[in-house]
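A.B. asks:
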Amino acid sequence: MNVYDSERMTEALSAHGYAETGAVEDADLVILNTCHIREKAAEKVYSDLGRIRQVKGARAASGSDTVVAVVGCVAQAEGSEIVRRAPVVDLVVGPQSYHRLPELIARTRSENRSLVETEFPEEEKFARLPQRAPSRGVTAFLTVQEGCDKFCTFCVVPYTRGMEYSRSVADIEHEARALVAGGVREVTLLGQNVNGYHGAGPEGRSYSLADLIRHLAQIDGLERLRYTTSHPRDMSDDLIAAHGTEKKLMPYLHLPFQSGADRILAAMNRKHTAREYIDLVGRIRAAQPELALSTDVIVGFPGETEAEFADTLSVFAEVGFAAAYSFKYSPRPGTPAEKLSDQIPDEVKADRLARLQSVIERQQALFSQRCVGRALPVLFEKPGRRPGQLIGRSPYLQSVHAKAPAGMLGRVVPVEISAFGPNSLAGVIRPE
Ligand code: 5AD
Ligand code: SF4
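The working numbering applies: residue -14 is where the sequence shown begins, and numbers increase by one.
#1: I think Tyr144 touches Gly319, with their Cβ atoms under 8 Å apart; what is that distance to the nearest whole Å?
#2: Is Lys334 buried or exposed, if buried means 16 or more other CB atoms sit within 10 Å of its CB?
#3: Nearest CA to the CA of Phe312: which residue from Thr280, Leu234, Lys367, Arg36?
#4: How about Ala161 and Ile204: do their beta carbons lie closer than 8 Å?
#5: Given 7 Å as the limit, tell me if Arg249 has its C-beta closer than that to any heavy atom belonging to the ligand 5AD.
#6: My output table needs one value for Phe405: the three-state DSSP class, helix, strand or coil.
#7: Thinking just about the alpha-carbon of each residue, which of Glu158, Ala163, Tyr182, Ala391 is nearest to the one in Cys133?
#8: Is the beta carbon of Met235 closer than 8 Å to that of Arg260?
#9: Comparing alpha-carbon positions, which option in Leu201, Arg355, Arg36 lies nearest Phe419?
#10: Report the residue ranges of all beta strand (DSSP E) runs contained in full by the stretch 342 to 383; include only those spanning at least 3 residues, in chain order.
#11: With a cut-off of 6 Å, give the chain-ordered residues whose Cβ is closer than this to any heavy atom of the ligand 5AD.
#12: Verify the contact flag: Phe136, CB atom, against every heavy atom of the ligand SF4, threshold strictly below 7 Å.
#13: Can you look up Glu5 in the DSSP assignment and give me helix, strand or coil?
#14: Just to confirm, is the Cβ distance from Arg170 to Leu364 under 8 Å?
#15: Just the C-alpha distance for Ala389 and Leu410, rounded to the nearest angstrom, thanks.
#16: Skipping 5 residues on each side, what residues in its chain have a beta carbon closer than 7 Å to that of Gly186?
#17: If you compare alpha carbons, which of Ile67, Gln328, Phe105 is closest to Tyr83?
#18: Tell me, to the nearest whole angstrom, how far the beta carbon of Glu102 is from that of Arg85; I am working on the premise that it is less than 8 Å.
#19: What separation, rounded to the nearest whole angstrom, lies between the Cα atoms of Ile402 and Gln349?
#20: Thinking just about the alpha-carbon of each residue, which of Met(-6), Ala45, Arg359 is nearest to the one in Val55?
#21: Between Ala308 and Pro316, which are expected to be in contact by the criterion C-beta below 8 Å, what is the C-beta distance as a whole number of angstroms?
#22: Name the DSSP bridge partner or partners of Glu171?
Structure (structure tokens):
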């Protein structure tokens, strides 16, 4: 979502004469779009600001001003504390106020003081942002839902992104059509809790995510749809059915389970058991037998025993994932889990993470290996590293490279998979 937000901010600022530069030394305006989900991500902001302070100093010595803005969830969570800790910062703007960036930048310049904007304004951010500029790629993100009211006890999202909010179907359709007109062929619908989507539909009734997918699938030229990230509790029957019936919906699903131990799941306030998750996967696979799954898992949640960690490994053994993201539990300010007494030592977390990651690597390699010899439809996105090569994605989000003419960019082409590496597949296009 931060990638999407950064694009929208870039577009909003280009209307005010700004253009992107690859070199921070050339920048009159530096925006750090930040993430607060784990401590490591949040701390990175301050080390980056140290570097930017030096650049700002050097530019000032040669007579150039630099406005430094910190935006995103760290901005939302820490507010004026950021300016206190890093006086180089001129502007702190939370995720609900991006549409006000041009005005706030002009104000910090003219008033020559730092400004902090972390309100959740009444008016709708998306309505205030300018229309999408023509896209530069074949695939695009599209935020359909923001915020979350699930309140998992480890997670800062409900505090930084606020309560659930769904954009209207008309608004989303308009943006999707603009993307497709600009050459986009695949759209990934985004939301912190995307399958909780419930937006106002064209006939005045509320649309579910499945309704939205069916609606967007009618857009000519849009070849592929994906969505992320989902909560197991919101995998409704109509969404499961859509996986079987909607040809444009890719057979890939990111569905975090966080822990395989029921006691930990309850302490996390996930509102489901390990068995319920596994049964749910069974129902989705019944609707779409081709489905590949990815997930998020946390190791070392407060109180997690070795046996409970083993329960997490058991879910991997039983489900079989094509990919997974795993994290050491990171205590976040203001969340209930941060206050639990039985925090796990970092060495134990690191050891569990390493063991889990070797399981994940094996499962990912196994999944890739099973693709060898199959012809997979690949949407080519960009030139590869070698001349004459293109890179695209399989339905399962694997990166695939093949020798292919540039004219195949933006097209879905069957590619016979011949080999796999840790992060990609290689294939051959058979003459038609
Ligand atoms: N510590 C570690 N991982 C976390 N995640 C969210 N909050 C934390 C935390 N406090 C992980 C979850 C979530 C993913 C986006 O980040 O697995 O699904
Ligand atoms: Fe955070 Fe996801 Fe839980 Fe919402 S559902 S609180 S975003 S982990």
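Note that CB positions come from ideal geometry on N, CA and C, so glycine has one too.
C.D. replies: Based on what the coordinates show:
#1: 6 Å
#2: buried
#3: Thr280
#4: yes
#5: In the sequence under discussion, the amino acid at residue 249 is Ile, which differs from the Arg named in the question. No, since every heavy atom of the ligand 5AD falls outside the 7 Å radius drawn around the Cβ of Ile249.
#6: strand
#7: Tyr182
#8: no
#9: Because the chain spans -14 through 417 in this model, residue 419 falls outside it and cannot be assessed.
#10: 360 to 368, 374 to 378
#11: Ile22, Arg23, Phe139, Cys140, Pro241, Gln243, Asp281, Ile283, Phe312, Tyr314, Ser315, Arg317
#12: yes
#13: coil
#14: yes
#15: 15 Å
#16: Val154, Tyr192, Asp196
#17: Phe105
#18: 6 Å
#19: 16 Å
#20: Met(-6)
#21: Not a contact, Cβ separation roughly 26 Å.
#22: Thr124, Arg209
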